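So the structure is just underneath, and the comments pick up after that.
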Amino acid sequence: RSARTRDAGFVNAATMAADIGASPLPTPAGPAAALGPSAAVLQVHRLRDFRATPASGSNGRARWQQSMGSLELRLLLRGSPWEGTSPDEFQVRLCEQGLRVANRQRPEASDAFLKQSLCGDFPREVLVGSSWWTLEADVERREHVLVVHLTKAKDGSWPAPFREGPLAEASELSSDWTALRPGGAAQSRGPGLEADLGLQASELFEELVESQTEDFVTLRLLLKQNGLEQARRSVPMSRLWGLDLTEDNLRVFLRSRGGVTLLSGRFGGRVQPTQTEWGMVKVTREVPGGACETRPALEVQLRKATDYRHSWDPLLVRDAQGIEVPAVGAVADNAPERKLPLDAPLGELDVDADSSRFLELEGQEARTPTEHAMELKARGDDCFKRRQWDAAIELYGRALGFMPDAEAVLSNRSAALAEAGQYQAALDDALRAAEVAPQWPKAYFRQGVALRALRRYDMAISVFSEGLARDPKNPSWKREIEDTEAKKAVRQAARGLRR
């Protein structure tokens, strides 16, 4: 959920590191951020991703470290076996589920160093197009470091880079291996730091919640669900946020083209930037009518400096660049949960039997979060049937604001996103539905549809097979598997012709 700068410092500064330097806070566009007269010489701590657990470890001779969005392996190559080595000697092959590294000119060294340290089958998927490798050289010490940077397909903590046990045969693991060329993050083809989110601060940031104790300051940026969903369709959460800190200043911004600032200002005291934790949380609050809704929030917790451990007034003086929002009191963290029916037919929309009753609630003051959510879901279902995909996606997102773990709403939004051509977002919703209801076959169908559209055929076949295991009497699963295998064969044939 959170990241400490001292644990994340390993990561490439261009993508997600907690980076420390004596430079002013970055200002991608517009006038310089207001940081006070000493900003140009203050040490700036930069956070670019959330912490994963465990933060680091070793595999063979390699060291690895991870954040929620990526994992990096570093292998030191020194001594006579590696003298004079160069990038063109290495073969780095990658698929969504595994990594194979070899050196074609030094087979003995390759077996001793590379096979045991940098070859393995992943516990979860990676994004091949966003991953990269490079060979760092230290001429004076006559040594090299082979760096492999893996971008996770879904944000989360991995227990280790590779699964335990013997390596799977490459052909069994995947039929879609890619030989990566050497190069840094700039050469990766994944969603980049310059994505145009098309968002203003006011479309994403709703309220600032401030609180403090004698030792800590906590800032929660309450976010608008629809704005957050729009941003997530362009970039994963691990590449969305940026946080820059000095002892007495803060700036929170979007890592996108234009660098939209959400919040910037000066503290009422001083903090210890290296003790900062941040992450995404869910916040529940009361809305008019007595109901409660759950909102996503970006939470930043800062430790007060030793000489400033007392009550601050004001807590934070916001700059004009930051969006002006009212600070409100603390709210509860726990969101209400409710399970929706799991018996809808495979591939069809999950519509509630009494949806007409919920449609009648439109314009009325619903009394409970469930009624709020069900009314919005019913309206989304109606838009889906009319093939109004964008409207359906928006309404399902609002429903999830009241019931964030409603698997049927997640499933329906996944279907709408797939129809709108937003396949990665559709996959994210389907994966979340499977987390909430792991025995529900529909969640695996939605995953398979999205994976197939993304041309990740091996994984699509795998999840369709999981659905078949849970719903063996439904003949649709075999048809989906056969259709996916046919598309995979066509793609392989096309690749063969290109070669």
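Taking our numbering, I'd label the letters of the sequence shown as residues 164 to 662.
Note that CB positions come from ideal geometry on N, CA and C, so glycine has one too.
Only a predicted model underlies this, so the values are computations on that prediction, with no experimental measurement involved.
- List the residues that DSSP assigns as beta-bridge partners of Q375. V380
- Query: Is there at least one non-hydrogen atom of the ligand MG closer than 7 Å to the beta-carbon of N389?
  - Reply: The ligand MG is absent from the structure shown, which contains no ligand whatsoever.
- Task: Go through its chain and collect everything with a Cβ distance to G431's Cβ below 6 Å, but skip five positions before and after it.
- Result: W475, P477, L478
- Message: Once the 5 residues before and after A516 are set aside, which same chain residues still bring their CB inside 6 Å of it?
- Response: Since pLDDT at A516 reaches only 47, below the 50 mark, its modelled position is unreliable, and no value is offered.
- Message: Using a Cβ-Cβ cutoff of less than 7 Å, which residues in the same chain neighbour Q655 once the five nearest sequence positions on both sides are dropped?
- Response: S338
- Query: Is the beta carbon of E259 less than 8 Å from the beta carbon of V291?
  - Reply: yes
- Message: Quick check on the burial criterion: 16 or more other C-beta atoms within 10 angstroms. Buried or exposed for K636?
- Response: exposed
- Query: Can you tell me where the beta strand (DSSP E) with W552 in it begins and where it stops?
  - Reply: Not the beta strand (DSSP E): W552 falls in the alpha helix (DSSP H), residues 552–565.
- Would you say Q206 and A218 are within 8 Å of each other, going by their C-beta atoms? no
- Message: Using a Cβ distance threshold of 8 Å, determine whether the stretch 314–333 contacts the stretch 407–426, with at least three qualifying pairs required.
- Response: no
- Between L309, L371, P250, which lies nearest to V446 when the distance is taken from Cα to Cα? L371
- Message: Can you look up A731 in the DSSP assignment and give me helix, strand or coil?
- Response: Here the chain covers residues 164 to 662 and nothing more, so residue 731 does not appear.
- Message: On a Cα-Cα basis, can you pick out the residue from P567, L573, A579 that is closest to A554?
- Response: A579
- Query: Are at least three pairs of beta-carbons, each pair with one atom in the stretch 262–281 and one in the stretch 640–648, less than 8 Å apart?
  - Reply: no
- Item | Element boundaries [alpha helix (DSSP H), containing G630] | 620–633
- Starting from A460, trace the beta strand (DSSP E) both ways and give me its first and last residue. 455–467
- Task: Identify the continuous beta strand (DSSP E) that holds N222 and give its terminal residues.
- Result: From DSSP, the beta strand (DSSP E) with N222 extends over 214–222.
- Beta-carbon proximity check, G556 vs A583, cutoff 8 Å: The residue you asked about is not Gly; residue 556 is Ile in the sequence shown. It is a contact, given that the beta carbons lie within the stated cut-off.
- Counting Cβ pairs closer than 8 Å, one from the stretch 233–247 and one from the stretch 303–320, do we hit at least three? Yes, they touch.
- Under the three-state reduction of DSSP, which class applies to N637: helix, strand or coil? coil
- Message: When you compare the stretch 465–472 with the stretch 537–552, are there three or more beta-carbon pairs, one atom per stretch, that lie closer than 8 Å?
- Response: no
- Item | Bridge-paired residues (DSSP) for S230 | R214
- Message: Threshold first: 3 residues or longer. Then list the beta strand (DSSP E) segments lying entirely within the stretch 229–306, N to C.
- Response: 233–241, 253–258, 261–266, 289–301
- Message: Can you list, in chain order, the residues of its chain with a C-beta nearer than 6 Å to that of M400? Leave out the 5 residues immediately preceding and following it.
- Response: If we look at M400 and ignore the five residues flanking it on each side, its Cβ neighbours are D318.
- Taking DSSP as the reference, what is the three-state secondary structure of G355? At G355, the pLDDT of 44 sits below 50, so the modelled position is not reliable and the matter cannot be decided from this model.
- May I have the straight-line CA-CA distance separating V653 from L539, to the nearest angstrom? CA-to-CA, the gap between V653 and L539 works out to about 41 Å.
- Query: Quick one: what's got a C-beta closer than 6 Å to S577's C-beta in the same chain, skipping five residues either side?
  - Reply: A589, D592, A593, R609
- Message: Quick check: what's the CA-CA separation for L417 versus V626?
- Response: 34 Å
- Any idea if Q527 is buried or exposed, counting beta-carbon neighbours within 10 angstroms, 16 or more meaning buried? Residue placement at Q527 cannot be trusted, given a pLDDT of 48 that sits under 50; what the coordinates show is reported in the next sentence. With fewer than 16 Cβ atoms within 10 Å of its Cβ, Q527 is classed as exposed.
- Task: Work out the CA separation of R466 and G116 for me, nearest whole Å.
- Result: The structure shown does not extend to residue 116, since the chain spans only 164 to 662, so no value can be given for it.
- For V599, the three-state DSSP class (helix, strand or coil): helix
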